[in-house]
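Single-structure report; data block below.
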Amino acid sequence: MSATTGSQAPNTTFTYIPWAPELDSGKVCGVPQTFKAHDRWKGKKVVVVAIPGAFTPVCHQNHIPGFVEKINELKAKGVDEVVVIAVNDAFVMSGWGVTVGGKDQIVYACDNDLAFSKALGGTLDLTSGGMGVRTARYAVVLDDLKITYFGMDEGNMGAPEKSSVDAVLAQL
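Numbering (my numbering), first residue to last: 4 to 175.
Here's what the structure looks like:
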């Protein structure tokens, strides 16, 4: 399946570590929790942003900081939750979330087995670069589980375009 406007989001499971003040020290790890997409996002407007990897240059410097900086604009346009996903485990995503910012405003989650991204046609094979199969760089806007926008930066390892915060804001 690939993502099409009007189709339903896949009901997959994500693993994440909820932000807590003690995580900011970098000296403690939180306890991973899981959620099912449909249980958590039913009746909500959600922006899911997928990245090839935490701590990678474009994701860390150019892509996700825009969502952190413009979280209030997203909320003002009715977004209930912003979720950043990657194939990295919940501990890496949590540590990266502390580093890149967003605290309790953005959820940093593991796309378990790439299930969500595979269902949307949003994976990227970076095996030749030593990274294996990853989530592609994309953004999806969900309104009560229905896809209202899907923007994937296919083959673009440079600056985000279709998955950028400005592209998402233009679709809200």
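No residue lacks a Cβ here, since even glycine has one placed at the ideal position from N, Cα and C.
Quiz item: What is the DSSP secondary structure of leucine 175, reduced to helix, strand or coil?
Solution: Position 172 of the sequence shown, counted from the first residue, corresponds to residue 175. Coil, per DSSP.
Quiz item: With valine 50 and valine 136 assumed to form a contact (beta carbons below 8 Å), what rounded beta-carbon distance in angstroms separates them?
Solution: As a working note, residue 50 is residue 47 in the sequence shown. As a working note, residue 136 is residue 133 in the sequence shown. The Cβ separation is near 23 Å, so there is no contact.
Self-check item: Distance, lysine 30 Cα to phenylalanine 119 Cα
Solution: Counting from one through the sequence shown, the residue named residue 119 turns up at place 116. Counting from one through the sequence shown, the residue named residue 30 turns up at place 27. About 31 Å.
Quiz item: Between leucine 129 and valine 110, what straight-line distance do the alpha-carbon atoms span, to the nearest angstrom?
Solution: For the purposes of this step, residue 129 is taken as the residue at position 126 of the sequence shown. For the purposes of this step, residue 110 is taken as the residue at position 107 of the sequence shown. So the alpha carbons of these two residues sit roughly 25 Å apart.
Self-check item: Reduced DSSP secondary structure (H/G/I, E/B, other) of glycine 133
Solution: The sequence position of residue 133 within the sequence shown is 130, counting from 1. If DSSP states are grouped into helix, strand and coil, glycine 133 belongs with coil.
Quiz item: Would you call the CB atoms of alanine 139 and asparagine 65 closer than 8 Å?
Solution: Taking the sequence shown and counting its residues from 1, the one referred to as residue 139 is at position 136. Taking the sequence shown and counting its residues from 1, the one referred to as residue 65 is at position 62. No.
Quiz prompt | valine 103 versus Trp22, His63 and Met134, residue with shortest Cα-Cα distance | solution = The sequence position of residue 103 within the sequence shown is 100, counting from 1. Among Trp22, His63 and Met134, the Cα nearest to that of valine 103 is on His63.
Quiz item: Applying the criterion that 16 or more other CB atoms from any shown protein chain within 10 Å of the CB defines a buried residue, is proline 60 buried or exposed?
Solution: Locating residue 60 in the sequence shown gives position 57, where the first residue counts as 1. Per the 10 Å Cβ criterion, exposed.
Quiz item: With C-beta atoms as the reference, is alanine 89 less than 8 Å away from glycine 56?
Solution: As a first step, residue 89 is located in the sequence shown; it is residue number 86 there, counting from the start. As a first step, residue 56 is located in the sequence shown; it is residue number 53 there, counting from the start. Yes, the pair counts as a contact, with Cβ atoms nearer than the cut-off.
Quiz item: So which of Asn75, Leu26, Ser97 and Val144 has the shortest CA-CA distance to phenylalanine 58?
Solution: The residue labelled residue 58 in the question sits at position 55 within the sequence shown. If we check each option's Cα against that of phenylalanine 58, Ser97 comes out closest.
Quiz item: Is the stretch 4-14 close to the stretch 33-53, with three or more CB pairs under 8 Å?
Solution: yes
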